[in-house]
Every structure is written in C-alpha cells, then in structure tokens.
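In full-length UniProt numbering, the protein residues as written are 1 to 125. This report concerns only the one structure given below.
Here it is in structure tokens:
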C-alpha cells in the first residue's frame, strides 16, 4: 500500500510566457518565482511550472488522449462564488457556475491562453 500522497508539481509547456504570466497573475496573483524562461506558482501543496515549448500547442480537444484538464478544488460553495466574482472582476472568460451531471457538484470551466482546460470544482467536506 502506498503512503498518503499529494500532487507535488505540474509542468506546463506553453507557446508564450507573456500572456501566460498575465493570465495566471490575474488568476492567482504574484508568481513565487519568475525568470526569462520559467514561471512558478504555488497552489496549496502543488507547484505549477510554466516553461516555453519549442513546438506549437495543439488545440484543446476533450476526446484527445492525454491529460484532459486540471481542476482546483474548494470545499465550500461560497468559495466557488468568490472565485466566480474574482474571475469576473479580472475579466477572465469562464463558464459560470454549473452543476456536474455525475455527482451534482458545482464547477466553473475556463481555458488559459495556451488552450489548457482548467476547472474550479466544489466538493463539499
């Protein structure tokens, strides 16, 4: 049996760091580290690394094999409403709060400038 694990880090290869930095700064605030060819954010216990790709990024296709999306979780529906308000005030396009058909949980979908599909998901404690 494996010990209790968590996601330590995710690495995103992006086409252009400038719009990526602008988007994630509006979403999460200041990066914890930044350089000419990298951008780093800390979300809870998980570190997000962004680095430039030398190849074009394929458009998002939910049926494409591979990672489908990355979801950031909250436990309180009021927090999801605060996130929706923050997204609106930041001018970031999103789905609005929806209800998932599998478990009746609330979510917000959105895409970053690289086409990566992201989600805020509320799983009440």
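A virtual CB, placed ideally from N, CA and C, is assigned to each residue, including glycine.
Buried or exposed (CB count within 10 angstroms, at least 16 for buried), residue i
i	result
residue 20	buried
residue 108	buried
residue 2	exposed
residue 80	buried
When the options are compared against residue i, the one with the closest alpha-carbon
i	options	result
residue 26	84, 60, 95	84
residue 55	16, 3, 101, 97	16
residue 102	123, 36, 6	123
Cβ-Cβ distance between residue i and residue j below 7 Å
i	j	result
residue 28	residue 41	yes
residue 69	residue 106	no
residue 121	residue 73	yes
Those residues which DSSP pairs with residue i across a bridge
i	result
residue 74	122
residue 9	47
residue 103	Residue 103 is not bridged to any residue.
Problem - Three or more C-beta pairs below 8 Å linking the segment 35 to 52 and the segment 88 to 105 - result: The segment 35 to 52 vs the segment 88 to 105: no contact.
Handout entry: Any 3 or more C-beta pairs closer than 8 Å across the segment 6 to 15 and the segment 102 to 120
Key = yes
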